[in-house]
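**Q** Numbering (this note's numbering), first residue to last: 77 to 256.
1. Kindly confirm or deny that the region 158-176 and the region 235-244 touch, where touching means at least three C-beta pairs closer than 8 Å.
2. Given residue 122, which residues of its chain have a CB within under 8 Å of its CB, disregarding the five upstream and five downstream residues?
3. Counting beta carbon pairs with one atom in the region 107-125 and one in the region 84-95, are three or more of them shorter than 8 Å?
4. Where do the ends of the beta strand (DSSP E) carrying residue 116 lie?
5. Give the C-beta separation of residue 259 and residue 233 to the nearest angstrom, bearing in mind that I take them to be a contact with Cβ-Cβ under 8 Å.
6. Hey, residue 142 and residue 193: beta-carbon distance below 9 Å or not?
7. Report yes or no: is there a C-beta of chain C within less than 9 Å of the C-beta of residue 243?
8. Once the 5 residues before and after residue 80 are set aside, which same chain residues still bring their CB inside 8 Å of it?
9. Use the C-beta contact count for residue 84: other C-beta atoms within 10 angstroms, 16 or more gives buried, fewer gives exposed.
10. Nearest-angstrom Cα distance between residue 95 and residue 222?
11. Buried or exposed: where does residue 126 fall if 16 or more other Cβ atoms within 10 Å of its Cβ makes it buried?
12. So, with DSSP's three-state summary, where would you put residue 141?
13. Roughly how many angstroms lie between the CA atoms of residue 185 and residue 252, to the nearest whole one?
14. Restricting to Cα atoms, I'd like to know which of 103, 162, 168 is closest to residue 150.
Laid out in C-alpha cells, this is it:
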C-alpha cells in the first residue's frame, strides 16, 4: 500500500533520472516507473542485495530504464534529479544520516530534490506503534525515529532545505527537500 501511495504522491513528471538510495528489491522505484513510463533511474544498494533487485527489475521488464548499482551510499551516490530514501535514515545515528545526505547533496542536479519516506514522530504523545518502532531501532541499531524538526536539522546540516511534509494513509510520511 505504501509503494502505491508513494507513487501517486511523488511527482516525477519533470524527473529525468531518479535514484532509489538503499532501495533493496526496488519496490519503490518500480512503482514510480510503472506510474511514469518515461522515468529512468538507478537503484543503489549493497552488492549482496543488488542481485535480488536485478531479478525483480527484469521480472517487471524495467531493465532498459533502471540500472542496478552495487555500492555503498556512505561512499558515493550517482548523479540524479530525484533521490528516494525509504526507511533509510531511521537506521542510522545523526552523523551517519548527515553523511548519506551529504553524498546526495554533492551529486544532486541543480533543480533536483530529495524525498525521505519515514515515520515522523509527533512532538508530544507519539502513538504506541511509533514508540515501539523507536525503541526497537534504539535497541537493535542504536538509531531512532525522529520528529519533523529533527529531520529538518539533519537536512539543513547536509545543505538541504525542507520544502514539504506529506502524510500517507500509512504510518509513514513523505519529507521533501531541495538543495539549499
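Using N, Cα and C, we set each Cβ at its ideal position, and we do this for glycine too.
**A** Reading it off the structure:
1. No, the region 158-176 is not in contact with the region 235-244.
2. Excluding residues within five positions, the ones whose Cβ falls inside 8 Å are 146, 147, 148.
3. The answer is yes - the region 107-125 touches the region 84-95, with three or more Cβ pairs under 8 Å.
4. Segment 116-121, the beta strand (DSSP E) holding residue 116.
5. Since the first and last residues shown for the chain are 77 and 256, residue 259 lies out of range.
6. At a Cβ-Cβ threshold of 9 Å, residue 142 and residue 193 do not count as neighbours.
7. In summary, chain C is missing from the structure at hand, where a single protein chain is found.
8. So the qualifying residues of the chain are 107.
9. The residue in question, residue 84, is exposed, as its Cβ has fewer than 16 Cβ neighbours within 10 Å.
10. Taking the straight line from one Cα to the other gives about 23 Å.
11. Taking all protein chains in view, the Cβ of residue 126 is crowded by 16 or more other Cβ atoms within 10 Å, so the residue is classified as buried.
12. Coil, per DSSP.
13. When rounded, the distance between both Cα atoms is 15 Å.
14. Closest option to residue 150, Cα to Cα, is 168.
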